[in-house]
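Q:
There are 2 protein chains.
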Amino acid sequence: MVTTTPRHTGHEHPRPRSAAVVDDIVAQLSDQGYRDTEPRRLVISAVAAQGRPFTAEELCASLPCVGRATVYRGLRLLVETDQVCRVLLEDRELRYQLSHQGHHHHLLCAVCGASADLEGCDVEDMLREAATAAGFRMSGHWLEVYGRCGECAED
Amino acid sequence: MVTTTPRHTGHEHPRPRSAAVVDDIVAQLSDQGYRDTEPRRLVISAVAAQGRPFTAEELCASLPCVGRATVYRGLRLLVETDQVCRVLLEDRELRYQLSHQGHHHHLLCAVCGASADLEGCDVEDMLREAATAAGFRMSGHWLEVYGRCGECAED
DNA sequence: CAATAATTGATACTGACTATCGCTAACCTC
DNA sequence: GAGGTTAGCGATAGTCAGTATCAATTATTG
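The listed protein sequences correspond, in order, to chains C and Z.
Take 1 as the starting number for the first sequence in the numbering used here and just add one per residue.
Take 1001 as the starting number for the second sequence in the numbering used here and just add one per residue.
(1) Tell me which residue opens and which closes the beta strand (DSSP E) that S45 of chain C is part of.
(2) Can you name the start and end residues of the alpha helix (DSSP H) that L78 of chain C belongs to?
(3) When the distance is taken between beta carbons, is H1106 of chain Z closer than 8 Å to D1117 of chain Z?
(4) Where does Q1101 of chain Z land, buried or exposed, given buried means 16+ other C-beta within 10 angstroms?
(5) Count the other CB atoms, across all protein chains shown, that sit within 10 Å of the CB of G1074 of chain Z; report buried if there are 16 or more and exposed otherwise.
(6) Any C-beta of chain Z sitting closer than 8 Å to the C-beta of E57 of chain C?
(7) Assuming A131 of chain C and V1145 of chain Z make a contact with CB atoms under 8 Å, what is their CB distance in whole Å?
(8) Sorted by chain position, which residues of the same chain lie with C-beta nearer than 7 Å to V2 of chain C's C-beta, five sequence neighbours on each side aside?
(9) Considering only C-alpha positions, which residue in the set C:G135, C:D31, C:R35 and C:I44 is nearest to V21 of chain C?
(10) What does R148 of chain C reach in chain Z if we use C-beta pairs closer than 9 Å?
(11) In three-state terms, what does DSSP make of V1145 of chain Z?
(12) So the beta strand (DSSP E) R86 of chain C belongs to, where does it begin and stop?
(13) What residues in its chain sit with their C-beta under 7 Å from that of A49 of chain C, if we drop five residues either side in the sequence?
(14) Are the Cβ atoms of S99 of chain C and R52 of chain C separated by less than 8 Å?
(15) For a quick check, are the C-beta atoms of L1078 of chain Z and V1123 of chain Z less than 8 Å apart?
(16) For L1089 of chain Z and V1071 of chain Z, which I take to be in contact (beta-carbon distance under 8 Å), what is that distance rounded to the nearest angstrom?
(17) What does the alpha-carbon distance come out to for the pair Y34 of chain C and R1095 of chain Z?
(18) Starting from G120 of chain C, find everything on chain Z with Cβ-Cβ shorter than 8 Å and list it in chain order.
(19) Return the chain-ordered list of same chain residues with a C-beta closer than 8 Å to the C-beta of C1121 of chain Z, the five sequence neighbours on each side being excluded.
(20) Would you mind reading off the limits of the alpha helix (DSSP H) that contains Q1028 of chain Z?
(21) The beta strand (DSSP E) spanning A1133 of chain Z covers which residue range?
(22) So L1127 of chain Z contacts chain C; which residues on that side make the cut at Cβ distance below 7 Å?
(23) On the premise that C85 of chain C lies in contact with C112 of chain C, defined as a C-beta separation below 8 Å, what is that separation, rounded to the nearest angstrom?
(24) Measure the C-alpha to C-alpha separation of Q1083 of chain Z and I1025 of chain Z and round it to an integer number of angstroms.
(25) Between C:L108, C:D31 and C:S62, which has its C-alpha nearest W1142 of chain Z's C-alpha?
(26) From which residue to which residue does the alpha helix (DSSP H) around L59 of chain C run?
(27) Kindly indicate which three-state DSSP category T1109 of chain Z falls into: helix, strand or coil?
(28) Look up A1114 of chain Z in the DSSP assignment and say whether it is helix, strand or coil.
(29) Would you tell me roughly how many angstroms separate the C-alpha atoms of L1127 of chain Z and A1134 of chain Z, rounded to the nearest one?
(30) What are the partner residues of G140 of chain C, as DSSP defines its beta bridges?
(31) Should Q97 of chain C be labelled buried (16 or more other beta-carbon atoms within 10 Å of its own) or exposed?
(32) E129 of chain C to T1081 of chain Z, Cα distance in whole Å?
Listed below in structure tokens is the structure:
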């Protein structure tokens, strides 16, 4: 398993900070009984290296040495364990992104693809109320907000 | 234009009320330059007959005499002209539904698949505000709410 | 170190949808 | 109505994203 690194206080050296993230995720997966494998680490590492929401195919392309199926499996595992969250673009394209954990929504820039987490927006209660009024018991929801980020708004 | 005519193919007697819906939609399409064709009417009629959100494949299955491509094309046209709206289930399955026009959101029952429009819920402003706070200019959003309808909530 | 069970990767497959293209029929003009 | 455009049709082939299969590999455990 590769990574030989002292896991404890890990940043004393210029290890790419993403390495810490990878170790952290691998450790969490390990706690849940998932093995620490080379391909898996490669996938996680590639995920951590992405600057913005990415597609499964992009990930595959960036990992020519890892089988497609393995990339997809790894990605699915990360989503299931809440390490990565799904992002839906306006054209329904599915993308992924390292999760900042916890339930939250995304602001997506239609121009550059950047994403930001929507803070301080508590639609939850509002939706639950409206659902109740319609005779429904709400159990969940899906929300994505589209627009232009600061940089792209100027055009 | 069109269609006050009892087309011979038709069953003039107790015209199902959906027939009025079909005529109406065909008329609107006609206004936009789309032809009034038999297969198109069949598609619209099948759409109008659905009691709840349906998939494209379900529609194909219910129209064995209409080519798949035609069903898909018809459905796409109806979406583009706002006669039909798309509904996204929790598992990302795409369904369709006669549109009640105007921007609105759906409440979807995870058990029986029924849908209701979410009334009196104005998330718009809230989202725009939160987006602005994050330096974004909001241009749109996608929201689906999942739960159980009154009937299914009892279980 | 051997046993065992998870994981991998090559590949075949699936499901949903789109492109192609020769043919048909709706609509417009006269 | 008749005739000419051309939208629309349907059969089918193709595409694309993602999944299933399965023999070989490898992390983990006893």
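Every residue, glycine too, gets a C-beta built ideally from N, C-alpha and C.
Predicted, not measured: the structure shown is a model, and the values here were computed from it.
A: So, to answer that:
(1) Indexing the first sequence from 1 puts residue 45 of chain C at position 45. No beta strand (DSSP E) holds S45 of chain C; the alpha helix (DSSP H) holding it covers E38 to A49.
(2) For the purposes of this step, residue 78 of chain C is taken as the residue at position 78 of the first sequence. Unbroken alpha helix (DSSP H) run through L78 of chain C: R68 to E80.
(3) Here residue 1117 of chain Z is taken as the residue at index 117 of the second sequence, counted from 1. Here residue 1106 of chain Z is taken as the residue at index 106 of the second sequence, counted from 1. Closer than 8 Å, so yes.
(4) Stepping through the second sequence from its first residue, residue 1101 of chain Z is reached at position 101. Label assigned to Q1101 of chain Z: exposed.
(5) For this step, residue 1074 of chain Z is matched to residue 74 along the second sequence. G1074 of chain Z comes out buried.
(6) Locating residue 57 of chain C in the first sequence gives position 57, where the first residue counts as 1. Taking 8 Å as the CB threshold, E57 of chain C stays off the interface with chain Z.
(7) Locating residue 131 of chain C in the first sequence gives position 131, where the first residue counts as 1. Locating residue 1145 of chain Z in the second sequence gives position 145, where the first residue counts as 1. Yes, A131 of chain C and V1145 of chain Z are in contact; Cβ-Cβ is about 6 Å, under 8 Å.
(8) Taking the first sequence and counting its residues from 1, one reaches residue 2 of chain C at position 2. Reliability fails at V2 of chain C, whose pLDDT of 35 lies under 50, so the model's placement of it is uncertain and no value is given.
(9) In the first sequence, residue 21 of chain C corresponds to position 21, counting from 1. Considering only alpha carbons, the answer is C:I44.
(10) Locating residue 148 of chain C in the first sequence gives position 148, where the first residue counts as 1. Within 9 Å Cβ-Cβ: F1136, R1137, M1138 and S1139.
(11) Position 145 of the second sequence, counted from the first residue, corresponds to residue 1145 of chain Z. Note: V1145 of chain Z maps to strand in three-state DSSP.
(12) Within the first sequence, numbered from 1, the residue matching residue 86 of chain C stands at position 86. Taken as a continuous stretch (DSSP letters only), the beta strand (DSSP E) holding R86 of chain C covers V84 to L88.
(13) Within the first sequence, the letter at position 49 stands for residue 49 of chain C. If we look at A49 of chain C and ignore the five residues flanking it on each side, its Cβ neighbours are S18.
(14) The residue you call residue 99 of chain C lines up with position 99 of the first sequence. The residue you call residue 52 of chain C lines up with position 52 of the first sequence. No.
(15) Here residue 1078 of chain Z corresponds to residue number 78 of the second sequence, with the count starting at 1. Here residue 1123 of chain Z corresponds to residue number 123 of the second sequence, with the count starting at 1. Their beta carbons are not under 8 Å apart, which means L1078 of chain Z does not touch V1123 of chain Z by this criterion.
(16) Your numbering for residue 1089 of chain Z matches position 89 in the second sequence. Your numbering for residue 1071 of chain Z matches position 71 in the second sequence. With 8 Å as the limit, L1089 of chain Z and V1071 of chain Z do not qualify as a contact, their Cβ atoms being about 20 Å apart.
(17) As a working mapping, residue 34 of chain C is identified with position 34 in the first sequence. As a working mapping, residue 1095 of chain Z is identified with position 95 in the second sequence. Cα to Cα, Y34 of chain C sits roughly 35 Å from R1095 of chain Z.
(18) By 1-based counting over the first sequence, the position of residue 120 of chain C is 120. What G120 of chain C touches in chain Z: A1130 and A1133.
(19) As a working note, residue 1121 of chain Z is residue 121 in the second sequence. Answer for C1121 of chain Z: H1105, listed in chain order.
(20) Locating residue 1028 of chain Z in the second sequence gives position 28, where the first residue counts as 1. Looking at the DSSP string, the run of the alpha helix (DSSP H) that includes Q1028 of chain Z is R1017 to D1031.
(21) If you number the second sequence from 1, residue 1133 of chain Z lands on position 133. Element bounds for A1133 of chain Z: not the beta strand (DSSP E) but the alpha helix (DSSP H), V1123 to A1133.
(22) Looking up residue 1127 of chain Z in the second sequence gives position 127. Within chain C, the residues C121 and V145 have their CB atoms less than 7 Å from the CB of L1127 of chain Z, given in chain order.
(23) Here residue 112 of chain C refers to the residue found at position 112 when the first sequence is read from its first residue. Here residue 85 of chain C refers to the residue found at position 85 when the first sequence is read from its first residue. With 8 Å as the limit, C112 of chain C and C85 of chain C do not qualify as a contact, their Cβ atoms being about 19 Å apart.
(24) Here residue 1083 of chain Z refers to the residue found at position 83 of the second sequence. Here residue 1025 of chain Z refers to the residue found at position 25 of the second sequence. Cα to Cα, the separation comes out at about 7 Å.
(25) Counting from one through the second sequence, the residue named residue 1142 of chain Z turns up at place 142. Minimum Cα distance to W1142 of chain Z is reached at C:L108.
(26) For this step, residue 59 of chain C is matched to residue 59 along the first sequence. Its alpha helix (DSSP H) spans residues A56 to A61.
(27) Against the second sequence, residue 1109 of chain Z aligns to sequence position 109. Per the sequence shown, residue 1109 of chain Z should be read as Cys rather than Thr. Three-state DSSP puts C1109 of chain Z in a strand.
(28) Translated into positions along the second sequence, residue 1114 of chain Z becomes position 114. Coil, per DSSP.
(29) Against the second sequence, residue 1127 of chain Z aligns to sequence position 127. Against the second sequence, residue 1134 of chain Z aligns to sequence position 134. Distance between the alpha carbons of L1127 of chain Z and A1134 of chain Z is about 11 Å.
(30) Locating residue 140 of chain C in the first sequence gives position 140, counting from the first residue. G140 of chain C pairs with Z:Y1146.
(31) As a first step, residue 97 of chain C is located in the first sequence; it is residue number 97 there, counting from the start. When all chains shown are included, Q97 of chain C counts as buried.
(32) By one-based count along the first sequence, residue 129 of chain C stands at place 129. By one-based count along the second sequence, residue 1081 of chain Z stands at place 81. Answer to the nearest angstrom: the Cα atoms are 31 Å apart.
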